[in-house]
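Since the structure comes first, as structure tokens, the remarks are kept for the end.
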Amino acid sequence: MRARGFSSGLSCYVHSLLSQGGTLVHIDVWAELSCPWCYLGIRHLRRALAEFPHATQVEVCLHAFLLEAELDHALDVPRKVHRIEDLGESLDEVLAEDARLEKLGRAEGIVFDFDHAIVAPTTSAHRAVAAATDFDLVNDTSCGADTSALKLAEAIGRAYFEMALDISDPDVLIGCAQDIGMPAEYVVEALASSEYASRVFSDFQIGIQMGIGCLPTYLFDRRFVVEDHQTVTALSNILATAYENSGKDL
Numbered sequence: 069m070r071a072r073g074f075s076s077g078l079s080c081y082v083h084s085l086l087s088q089g090g091t092l093v094h095i096d097v098w099a100e101l102s103c104p105w106c107y108l109g110i111r112h113l114r115r116a117l118a119e120f121p122h123a124t125q126v127e128v129c130l131h132a133f134l135l136e137a138e139l140d141h142a143l144d145v146p147r148k149v150h151r152i153e154d155l156g157e158s159l160d161e162v163l164a165e166d167a168r169l170e171k172l173g174r175a176e177g178i179v180f181d182f183d184h185a186i187v188a189p190t191t192s193a194h195r196a197v198a199a200a201t202d203f204d205l206v207n208d209t210s211c212g213a214d215t216s217a218l219k220l221a222e223a224i225g226r227a228y229f230e231m232a233l234d235i236s237d238p239d240v241l242i243g244c245a246q247d248i249g250m251p252a253e254y255v256v257e258a259l260a261s262s263e264y265a266s267r268v269f270s271d272f273q274i275g276i277q278m279g280i281g282c283l284p285t286y287l288f289d290r291r292f293v294v295e296d297h298q299t300v301t302a303l304s305n306i307l308a309t310a311y312e313n314s315g316k317d318l
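Structure representation (structure tokens):
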């Protein structure tokens with residue numbers, strides 16, 4: 069999706085250097101949890117990592133990017149209407165993009181429910197994912213396809229796009245966390261903490277400063293940038309290249 073528009077990232081990176089001596093590839097991902105391309109992107113990255121023989125040496129750190137930073141409450145308006153009337157997209161653009169996404173989704177078992185999706189702010193959801201990152205650091209599970217952060221981001225995307233749930237609702241976020249085996253108290257603390265709000269805003273500001281124009285955006289080892297929708301095969305090839313070049317002075 070076209071974007072409108074490293075405190076937590078630094079902690080991930082320092083952890084990979086100091087605590088995980090075997091980590092060779094570090095991937096920073098900027099994503100918006102209400103962006104369907106990011107939902108696909110996180111799923112594709114997880115699949116690529118699941119098939120990658122060196123996945124235990126690949127650390128992924130998710131960063132917030134806010135497509136509607138000014139949105140502060142859920143809207144009682146259909147997503148399509150919101151995109152046309154509030155975001156300035158044409159009906160043809162909206163219908164064409166949704167049709168493409170629905171086709172891509174069907175190919176991998178996703179049923180996008182765009183007609184019932186609830187337009188809502190995503191800052192709380194991003195705070196929950198930041199808490200999942202901390203949960204991974206505590207449990208030494210920051211590498212591979214099955215980190216809590218990646219699983220929670222996918223669960224939130226599923227709740228939004230396939231179940232038409234309000235992802236600004238704390239109960240929805242707690243439910244998503246519990247579904248992946250993450251203690252509810254991590255989410256409760258994140259939603260009550262100004263520190264997590266600052267982390268989300270910091271990630272977003274860094275994304276703006278980087279000039280991110282498409283989502284998702286992947287940064288491999290702070291050297292290689294890959295933007296926009298990527299297939300599982302493409303991400304697998306990029307992973308292999310990043311692993312091959314890891315540690316080299318390019």
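Be aware that the sequence shown starts at 69, since it is given in our numbering, and climbs by one per residue.
The beta carbon of each residue, even a glycine, is placed where N, CA and C say it ideally should be.
Looking at I110: is its Cβ nearer than 8 Å to the Cβ of A99?
Translated into the one-based positions of the sequence shown, residue 110 becomes position 42. Translated into the one-based positions of the sequence shown, residue 99 becomes position 31. Yes, the pair counts as a contact, with Cβ atoms nearer than the cut-off.
Which whole-angstrom value describes the C-beta separation of C211 and A227, a residue pair presumed to lie in contact below a C-beta threshold of 8 Å?
In the sequence shown, counting from the first residue as 1, residue 211 sits at position 143. In the sequence shown, counting from the first residue as 1, residue 227 sits at position 159. Not quite, the Cβ-Cβ distance comes to about 25 Å (not below 8 Å), so this is no contact.
Counting C-beta neighbours from all protein chains within 10 Å, is the total for K171 16 or more, i.e. buried, or is it exposed?
Sequence index remark: in the sequence shown, residue 171 carries index 103 (1-based). Exposed, since its Cβ has fewer than 16 Cβ neighbours within 10 Å.
My parser needs the beta strand (DSSP E) runs of 3 or more residues fully inside the region 119–187; what are they?
Listed in chain order, they are 126–132.
Could you check whether M250 and A213 sit closer than 8 Å to each other, using their CB atoms as the reference points?
By 1-based counting over the sequence shown, the position of residue 213 is 145. By 1-based counting over the sequence shown, the position of residue 250 is 182. Their beta carbons are not under 8 Å apart, which means A213 does not touch M250 by this criterion.
Do you know offhand how far G275's Cα is from F133's?
Here residue 275 is taken as the residue at index 207 of the sequence shown, counted from 1. Here residue 133 is taken as the residue at index 65 of the sequence shown, counted from 1. Distance between the alpha carbons of G275 and F133: 7 Å.
Going by other Cβ atoms of all chains shown within 10 Å of its Cβ, with 16 needed for buried, is H94 buried or exposed?
For the purposes of this step, residue 94 is taken as residue 26 along the sequence shown, with counting starting at 1. Buried, because 16 or more other Cβ atoms sit within 10 Å of the Cβ of H94.
Measuring alpha carbon to alpha carbon, tell me which of T209, Q273, A217 ends up nearest D247.
As a first step, residue 247 is located in the sequence shown; it is residue number 179 there, counting from the start. Ranking T209, Q273, A217 by Cα distance to D247 puts A217 first.
Could you check what DSSP says for T299 in three-state terms: helix, strand or coil?
For the purposes of this step, residue 299 is identified with residue 231 of the sequence shown, where counting begins at 1. Note: T299 maps to coil in three-state DSSP.
Just checking my contact of L101 with G225 at CB under 8 Å: how many whole Å lie between their CB atoms?
For the purposes of this step, residue 101 is identified with residue 33 of the sequence shown, where counting begins at 1. For the purposes of this step, residue 225 is identified with residue 157 of the sequence shown, where counting begins at 1. At roughly 6 Å, the Cβ-Cβ gap stays under 8 Å, so L101 and G225 are in contact.
For E230, which residues in the same chain have their Cβ closer than 8 Å to its Cβ, ignoring the five residues on either side in sequence?
To locate residue 230, count along the sequence shown from 1; it is residue 162. The residues are I178, V179, F180, D181.
Looking at the secondary structure, which residues open and close the beta strand (DSSP E) in which T285 lies?
Locating residue 285 in the sequence shown gives position 217, counting from the first residue. Here the beta strand (DSSP E) through T285 covers 285–288.
Are the region 202–209 and the region 144–154 in contact at 8 Å, needing three or more beta carbon pairs?
no
Excluding the five sequence neighbours on either side, which residues of its own chain have a C-beta within less than 7 Å of the C-beta of D289, listed in chain order?
In the sequence shown, counting from the first residue as 1, residue 289 sits at position 221. Excluding residues within five positions, the ones whose Cβ falls inside 7 Å are V93, H94, A310, S314.
Please determine, among P104, V126, D237, C103, the residue with the shortest C-alpha to C-alpha distance to A308.
Working through the sequence shown from its first residue, we reach residue 308 at position 240. Checking every option, the nearest Cα to that of A308 belongs to V126.
Nonlocal neighbours in the same chain, by C-beta distance under 6 Å from I242, ignoring five residues either side
Position 174 of the sequence shown, counted from the first residue, corresponds to residue 242. Counting only residues of its own chain and dropping the five nearest sequence neighbours on each side, I242 has a CB closer than 6 Å to the CB of A252, V255.
For my contact list, V268 and T191 are in at a C-beta cut-off of 8 Å; report their separation, rounded to the angstrom.
What you label residue 268 is simply residue 200 of the sequence shown in a count that begins at 1. What you label residue 191 is simply residue 123 of the sequence shown in a count that begins at 1. Their Cβ separation, rounded to whole angstroms, is 6 Å, which keeps V268 and T191 in contact under 8 Å.
Which stretch, first to last residue, makes up the alpha helix (DSSP H) that contains I95?
Here residue 95 refers to the residue found at position 27 when the sequence shown is read from its first residue. Element bounds for I95: not the alpha helix (DSSP H) but the beta strand (DSSP E), 93–99.
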